[in-house]
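Contents: one structure, followed by commentary.
Numbering (the working numbering), first residue to last: 1 to 236.
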């Protein structure tokens with residue numbers, strides 16, 4: 001899986017809101033190993049120049065001014081868009097990329113589009129999102145579904161599938177506690193593992209087994225996404 005620029009953006013925006021780091025520090029963390037990030041605001045949702053790309057530091061300053069409460073990470077999949085509540089253009093863009101950042105109250109959203117080794121952020125107007133579950137609740141739900149899925153797949157006696165490529169590290173910004181950091185890393189590893197396993201049928205000998213295996217993997221993937229989103233979205 002990719003390094004999830006939306007996770008970096010969400011975590012560093014929240015860290016700046018809490019006064020844990022400067023715009024310059026956050027900008028370096030968000031860009032990470034990418035060549036560059038820039039922001040386009042074609043509809044003027046953020047008040048940037050709609051006719052040209054803006055620098056990341058200028059956008060971060062505007063984002064901080066627009067949303068003083070907090071930002072949520074969204075990892076939508078077909079059938080589960082939470083915490084997103086629209087409008088349709090924002091939801092569709094987020095679903096296409098598999099990730100987005102949404103303001104908790106300011107009516108703004110951001111979707112990253114990878115362009116080679118760079119990232120182009122596209123702003124959107126957004127409905128006020130649903131609040132993610134607490135990190136503790138999401139972690140508990142993930143533990144339960146992993147145990148349940150493991151038991152089901154063991155009974156089916158089928159292979160796990162392709163070996164996943166190493167998951168990109170999700171390095172949370174200053175201010176997040178150790179438990180959130182551990183949960184974020186575990187959830188990212190599970191997302192990568194499920195994505196790799198879903199590429200084939202795990203040597204299933206029947207369509208029933210293949211369907212059941214895929215269903216269990218999607219359940220785990222959904223809860224891993226919820227856990228990662230909750231870990232990144234809440235910073236107290």
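Heads up, the beta-carbon is just placed ideally off N, CA and C, and yes, glycines get one too.
Between the segment 21–38 and the segment 108–121 there are three or more inter-stretch CB-CB distances shorter than 8 Å, so the stretches are counted as touching.
The beta carbon of residue 15 sits closer than 7 Å to the beta carbons of 21, 26, 173, 174, 175 and 235 from its chain, once the five residues preceding and following it are set aside; these are given in chain order. Taking all protein chains shown into account, residue 182 has fewer than 16 neighbouring C-beta atoms within 10 Å of its C-beta and is therefore exposed. For residue 97, the enclosing alpha helix (DSSP H) stretches over residues 88–97.
Note on residue 51: under 16 other CB atoms within 10 angstroms of its CB, so exposed under the neighbour-count rule.
Rounded to the nearest whole angstrom, the CA to CA distance from residue 65 to residue 152 is 49 Å.
The secondary-structure analysis by DSSP pairs residue 120 across a beta bridge with 38 and 113. Under the DSSP assignment, residue 73 falls outside any alpha helix (DSSP H), being part of the beta strand (DSSP E) whose first and last residues are 71–74. Counting C-beta pairs closer than 8 Å gives fewer than three between the segment 52–62 and the segment 82–101, which falls short of the contact rule.
In the structure shown, residue 142 falls within a helical segment according to DSSP collapsed to helix, strand and coil. Between the segment 136–153 and the segment 81–90, the count of Cβ pairs shorter than 8 Å is below three; the stretches do not touch.
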